[in-house]
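Working notes, structure below.
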Amino acid sequence: MACLLKNKLLPLLVTALGFVMISNSLSAHHGTTAFDMGKSTVVKGTITKFEFINPHILIYVDTIGDKGDVEHWIAESSSNNHLSRGGYNKNSLKVGDQVIVTGHRAKNGAYTLELQCQECSVTDSRGKVLLGYYF
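By the working numbering, the letter at position 90 of the sequence shown is numbered 90, and the numbering carries on one by one without gaps.
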């Protein structure tokens, strides 16, 4: 019985524990606790940079704030692999595009938006969706 426990059950328990530890770290990485998920924020501006990269697509948008100063926003979306399956690619957005970005703002007030939600999108000034969340 002790041999069965040592040779069969112990490796199984160690493997299961490893999976639990990995899943906890993955959910923390992909968590949304840093963002105000109860309220959408809309930013209208110009794309200054578009990175269609892993682990997350980054869209840099400049807009004019209430006080007349330039605000540099960063919108973070899913991975390029994930959005590629929805038909999006590195040419979906271009530097200089005038866009309306809808997402969830960072709770700490940083000019950062999280775009991994059904209501999140990047549209042009006519309302055409240039980048949307793909499930």
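Note that the Cβ used here is the ideal one computed from N, Cα and C, for glycine as well. For clarity, every value in this text was computed on a predicted model and none was experimentally measured.
> Would DSSP call Ser121 helix, strand or coil?
Replying inline: Note: Ser121 maps to strand in three-state DSSP.
> Under three-state DSSP, which class holds Leu83?
Replying inline: DSSP places Leu83 in the helix class (H, G or I) of the three-state scheme.
>> Is there a Cβ of chain D sitting closer than 7 angstroms to that of Ile59, yes or no?
In response: Absence of chain D from the displayed structure is noted, only one protein chain being present.
> Grouping DSSP H, G and I as helix and E and B as strand, with all else coil, what is Lys94?
Replying inline: Lys94: coil per DSSP, three-state reduction.
> When you compare only the Cα positions, how much space is there between Thr123 and Ile100?
Replying inline: Taking the straight line from one Cα to the other gives about 5 angstroms.
>> Taking the straight line between their C-alpha atoms, what separation do you get for Asn136 and Ala34?
In response: Look at the range of the chain in this structure, 1 to 135, and you will see that residue 136 is not part of it.
>> With H, G and I counted as helix, E and B as strand and the rest as coil, what does DSSP make of Leu113?
In response: Of the three classes helix, strand and coil, the one that applies to Leu113 here is strand, per DSSP.
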